[in-house]
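**Student:** First the structure, which I've put down as structure tokens, then a few questions once you've had a look.
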Amino acid sequence: MSSIWNDIKSRFKNGSSYTRLLYINIGVFLILQFLKVPDFFMNGIKDLEKTQIYLFSENYLFLPSDINQLLMKPWTLLSYMFIHFDFFHILFNLIVLHFGSKLFLQYFTGKQLVSTCILGGIFGGLIYVLSFNIFPVFLSDLYVGAPAYGASAAVLAIFIAISTYKPKYKVNLMFIGNVSIIYIAIFLVILDYISIPYGNSGGHIAHLGGAFFGYLYITLLKKGYDISVNFYNIIGFFNFTKNRNTRTRKKRSSKYNDDLFRSKRSDKQKKINTILEKISKSGYDSLSKEEKELLFKESK
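Residues 7 to 306 (our numbering) are what the sequence shown spells out, left to right.
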């Protein structure tokens, strides 16, 4: 068991940005599933929304639709996108994450992947909150509470981003054949849009917000403006200790190399001086083959 855990830690630590995003989503999902079980044993609760872990998540991890609640719990703009309770919910998101990330990383860096994912999720969350506080149809939901959770907005941001960047990239779909990725992206966006009146309206709106961010990110990137650059700095801040240690090791290594170079140069100069003294006393012909080669090499 310990070897399995060590293998997981090693893969998370040394894996790509996609691997880490995948592990975080799966890890959080499994933890939530495990924490549901005690409610069944202790209280016989089968209804998910009545379990203690769901109520805790609703109060502290879900994204609230009410602005005042959001101001009290700003971290939910980040935490909500890693919460899944339904197996098919997380399965769909992981499929989109897998396919989108694998293609995305062929053209962009891991930092850009993480930035697009998280910023897309945040943007989708903000669009969701604004919609519930602007449109009259959502007023009743606003007062009773309509929290959002799930990674759909974040993973759609990645998928739409790479679809915008490489719209003609072909995907082989079962029963259909080769299809340009842009048509899949358009289908997903249209599906979310027309689904808004039929349930989970906030979720579909958040998805569209994430999709719009992915499109906006690539559009501006093509013009030379990377709107995620400041987010890179945040990532760098959390890696500050590691970077500082790396810089320290580099400085020490550089100092060691300089000292080694000076030492070798000093030894070589001593050999040259010895050869020159030998020439002055006994002539050039008194030199050995190795001494002549060294003198010839240094004269060049």
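Using N, Cα and C, we set each Cβ at its ideal position, and we do this for glycine too.
Please read all numbers here as calculations on a predicted model, not as lab measurements.
Can you tell me whether DSSP reads lysine 229 as helix, strand or coil?
**Tutor:** Correct three-state label for lysine 229: coil.
**Student:** Anyone know if the C-beta pair for serine 22 and glycine 116 falls short of 7 Å?
**Tutor:** Contact flag set, yes.
**Student:** Could you spell out where the beta strand (DSSP E) holding lysine 176 opens and where it closes?
**Tutor:** Element bounds for lysine 176: 176-179.
**Student:** Near threonine 57, which residues of its chain fall below 6 Å by C-beta distance, leaving aside the five closest residues on each side in sequence?
**Tutor:** Excluding positions up to five away in sequence, the list reads Lys42, Asp45 and Ile51.
**Student:** Drop a sphere of 10 angstroms on the beta-carbon of proline 153, count the other beta-carbons inside from all chains shown, and report buried for 16 or more, exposed for fewer.
**Tutor:** Classification for proline 153: buried.
**Student:** Considering only C-alpha positions, which residue in the set His90, Gly183, Ser137 and Leu300 is nearest to isoleucine 32?
**Tutor:** Ranking the options by Cα distance to isoleucine 32, first place goes to His90.
**Student:** Run through DSSP, which three-state label would serine 186 get?
**Tutor:** Note: serine 186 maps to strand in three-state DSSP.
**Student:** Please look up how many angstroms separate the CB atoms of isoleucine 168 and phenylalanine 98, rounded, as I've assumed it's under 8 Å.
**Tutor:** Going by Cβ atoms, the distance from isoleucine 168 to phenylalanine 98 rounds to 18 Å, so no, they are not a contact pair.
**Student:** Contact defined as beta carbons within less than 8 Å: I believe alanine 157 pairs with phenylalanine 88. What is the distance between those atoms, to the nearest angstrom?
**Tutor:** Indeed they touch by this definition, with Cβ atoms about 7 Å apart.
**Student:** Taking C-alpha atoms, which residue in Ile101, Ser71 and Leu27 lies nearest to serine 146?
**Tutor:** That would be Ser71, whose Cα lies nearest to the Cα of serine 146.
**Student:** Throw me the rounded Cβ distance for the leucine 194 and leucine 100 pair, which I believe falls under 8 Å.
**Tutor:** Not really, about 15 Å apart at Cβ, beyond 8 Å.
**Student:** Given this structure, state the Cα-to-Cα distance separating lysine 174 from serine 186, to the nearest angstrom.
**Tutor:** Rounded to whole angstroms, lysine 174 to serine 186 spans 5 Å at the Cα level.
**Student:** Count the other C-beta atoms from every protein chain shown that fall within 10 angstroms of the C-beta of leucine 67, then say buried if there are 16 or more, exposed otherwise.
**Tutor:** Buried is the call here.
**Student:** With DSSP as the reference, label alanine 157 as helix, strand or coil.
**Tutor:** The answer is coil: DSSP assigns alanine 157 none of H, G, I, E or B.
**Student:** Taking the alpha carbon of leucine 132 as the reference point, which residue from Tyr113, Phe105 and Pro80 has its own alpha carbon closest?
**Tutor:** Ranking Tyr113, Phe105 and Pro80 by Cα distance to leucine 132 puts Pro80 first.
**Student:** Compute the distance between the beta-carbons of phenylalanine 219 and alanine 163, then report whether it is under 7 Å.
**Tutor:** Yes, Cβ-Cβ distance for phenylalanine 219 and alanine 163 is below 7 Å.
**Student:** Quick one: Cα of phenylalanine 144 to Cα of leucine 214, how far?
**Tutor:** One C-alpha to the other measures close to 17 Å.
**Student:** Report the three-state DSSP secondary structure of leucine 293 (helix, strand or coil).
**Tutor:** Coil, per DSSP.
**Student:** Residues in its own chain within less than 8 Å of lysine 248 by CB, not counting five upstream and five downstream?
**Tutor:** Interpretation of lysine 248 is limited by its pLDDT of 46, a score under 50 that renders its predicted location unreliable; the figure taken from the coordinates is listed afterwards. If we look at lysine 248 and ignore the five residues flanking it on each side, it has no Cβ neighbours.
**Student:** Return the first residue and the last residue of the alpha helix (DSSP H) that glycine 130 is part of.
**Tutor:** Looking at the DSSP string, the run of the alpha helix (DSSP H) that includes glycine 130 is 116-140.
**Student:** Any idea what DSSP makes of asparagine 67, helix, strand or coil?
**Tutor:** Residue identity differs from the one stated: residue 67 is leucine in this sequence, not asparagine. Correct three-state label for leucine 67: coil.
**Student:** Three-state secondary structure (DSSP) at glutamine 58?
**Tutor:** Helix, per DSSP.
**Student:** Using the beta-carbon count (16 or more within 10 Å), is aspartate 198 buried or exposed?
**Tutor:** It is buried - the Cβ of aspartate 198 has at least 16 other Cβ atoms within 10 Å.
**Student:** Distance, Cα to Cα, proline 203 vs isoleucine 140?
**Tutor:** Distance between the alpha carbons of proline 203 and isoleucine 140: 16 Å.
**Student:** Would the beta-carbon of glycine 183 fall within 7 Å of that of tyrosine 134?
**Tutor:** Result no, Cβ atoms of glycine 183 and tyrosine 134 do not sit closer than 7 Å.
**Student:** With DSSP as the reference, label phenylalanine 91 as helix, strand or coil.
**Tutor:** Coil at phenylalanine 91, not helix or strand.
**Student:** Rounded to whole angstroms, what's the CA-CA distance from asparagine 12 to leucine 38? Just pull it up for me.
**Tutor:** Roughly 22 Å between the two C-alpha positions.
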